[in-house]
Amino acid sequence: MRPRVRDGMRVAACGALLSMLVACALPAREASAPGAAVVVPESRPGVTIGYLDAPAFDSRALLPAPPAPGSAAQAHDDAIAARSLALHDTARWRQATVDADLTFPAAEPLFACALGVEISADRTPHLVRLLRRSLADASNAGRAAKDHWQRGRPFVRNAAPVCTPEDVERLTTSASYPSGHTAIGWAWTLALVELAPERSDALLQRGRAFGESRLVCNVHWHSDIVEGERVGAATFARLQASPAFRADLDAARTEIAAQRAAGATPAHCDTETVGLRQSPIPAADDRD
153 MRPRVRDGMR VAACGALLSM LVACALPARE ASAPGAAVVV PESRPGVTIG YLDAPAFDSR
213 ALLPAPPAPG SAAQAHDDAI AARSLALHDT ARWRQATVDA DLTFPAAEPL FACALGVEIS
273 ADRTPHLVRL LRRSLADASN AGRAAKDHWQ RGRPFVRNAA PVCTPEDVER LTTSASYPSG
333 HTAIGWAWTL ALVELAPERS DALLQRGRAF GESRLVCNVH WHSDIVEGER VGAATFARLQ
393 ASPAFRADLD AARTEIAAQR AAGATPAHCD TETVGLRQSP IPAADDRD
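Now the structure itself:
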């Protein structure tokens, strides 16, 4: 009888160990577990933890120095800033104000029209988690460059209004180069293009316009936007090695397909289309 008891004990021990291993694996499998609650990890309420344990790369090594005062590049930035000021209190300004809010759930529908389906924590929870977590990664990625160059923002020089006056005090002491909003928006754009390549034109246009909203808001220079896109692209490339990111991509792809099948289209797209008709960038401008 004793061998059978020992065998039973071994089986029980192996079963317990297997349960522990499965439990430890749950966070990585969480995105694909049917019926599981989609939890967004936070370091504290409202502060999302990204997919990456540290900044994706050293943005000081990735980016060139910002334009020097008096340079031709700064003159180019000045010209586009002046053009952007002409859009104050227009439909484009109002859309830029919408684009400025990266808190959730306010940020959920920002790319919904370009994607062609509604984005919400209720309907596309894995996609929303992907947006929130990649936001944290793209934001972290540019901080080293911001801290290193400490470039001042346009409104500090021109004293013109910004889209979010409640943020003026914080933005005055926050470095401008590169644009964190643009890095976030471009990382989102590339992720969404991977999820819905048939919508790539609309998504890429929306990603470009999302960055340009920071020009319209008078809080970033043109070169901040260009290099913000570079940071966003580099962040997206780095995220490819994250199993949790890839799992959320797979789950989000299924959610998007379900929304298309259900005919769930966004309701605010006419307003957004009108708001994005004007661009602060001259049509012949070479963004390279």
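Numbers in this note's numbering are just positions in the sequence shown, counted from 1, shifted up by 152.
Where a beta carbon is used, it is the ideal one built from N, C-alpha and C, also for glycine.
Report the three-state DSSP secondary structure of residue 303 (helix, strand or coil).
coil
Give me the Cα-Cα distance between residue 387 and residue 288, rounded to the nearest whole angstrom.
10 angstroms
Rounded to the nearest angstrom, what separates residue 433 and residue 235 at their Cα positions?
8 angstroms
CB of residue 204 within 8 angstroms of CB of residue 390, strictly:
yes
State the CB to CB distance for the pair residue 276 and residue 407, rounded to an integer number of angstroms; the pair is presumed to be in contact (CB under 8 angstroms).
4 angstroms
Determine the extent of the beta strand (DSSP E) in which residue 196 is found, giving its start and end residues.
194-196
Excluding the five sequence neighbours on either side, which residues of its own chain have a C-beta within less than 7 angstroms of the C-beta of residue 218, listed in chain order?
301, 303, 329, 375
Just checking my contact of residue 244 with residue 430 at CB under 8 angstroms: how many whole Å lie between their CB atoms?
4 angstroms
Counting only runs that start and end within the stretch 379-437, where is the alpha helix (DSSP H) found for 4 or more residues in a row?
395-414, 421-427
If you drop the 5 nearest sequence neighbours on each side, which residues of the same chain put their C-beta closer than 7 angstroms to that of residue 411?
Contacts found: 269, 270, 275, 276.
Hey, would you say residue 251 sits closer than 8 angstroms to residue 365, going by beta carbons?
yes
Uninterrupted alpha helix (DSSP H) stretches inside the stretch 312-373 (no shorter than 4 residues):
320-324, 332-347, 352-368
Please look up how many angstroms separate the CB atoms of residue 226 and residue 233, rounded, as I've assumed it's under 8 angstroms.
Not confirmed; about 10 angstroms, so no contact.
Give the straight-line distance between the Cα atoms of residue 416 and residue 358, rounded to the nearest whole angstrom.
20 angstroms
Using three-state DSSP, classify residue 255 as helix, strand or coil.
Three-state result, residue 255: coil.
Which residues in the same chain have their Cβ closer than 8 angstroms to the Cβ of residue 261, if we skip the five residues on either side of it in sequence?
270, 271, 272, 418, 420
When you compare the CB positions of residue 254 and residue 333, do they come within less than 8 angstroms of one another, or not?
yes
Between 241, 314, 240, 403, which has its C-alpha nearest residue 346's C-alpha?
403
What did DSSP end up calling residue 276 once you bin it into helix, strand or coil?
coil
For residue 191, the three-state DSSP class (helix, strand or coil)
In the structure shown, residue 191 sits in coil (DSSP, three-state: anything other than H, G, I, E or B).
Specify, as a first and last residue, the run of the alpha helix (DSSP H) that residue 225 falls within.
Counted as a single uninterrupted DSSP element, the alpha helix (DSSP H) harbouring residue 225 occupies residues 224-237.
Tell me which residues share the same chain as residue 202 and place their Cβ nearer than 6 angstroms to its Cβ, disregarding the 5 neighbours each side in the sequence.
Setting aside the 5 residues that flank it on each side, residue 202 is surrounded in the same chain by 285, 288, 289, each with a C-beta closer than 6 angstroms to its C-beta; the list follows chain order.
Should residue 229 be labelled buried (16 or more other beta-carbon atoms within 10 Å of its own) or exposed?
In the assembly as shown, residue 229 is a buried residue. Its beta-carbon has 16 or more other beta-carbons within 10 Å.
Whole-angstrom Cβ separation of residue 340 and residue 283, contact assumed at under 8 angstroms?
6 angstroms
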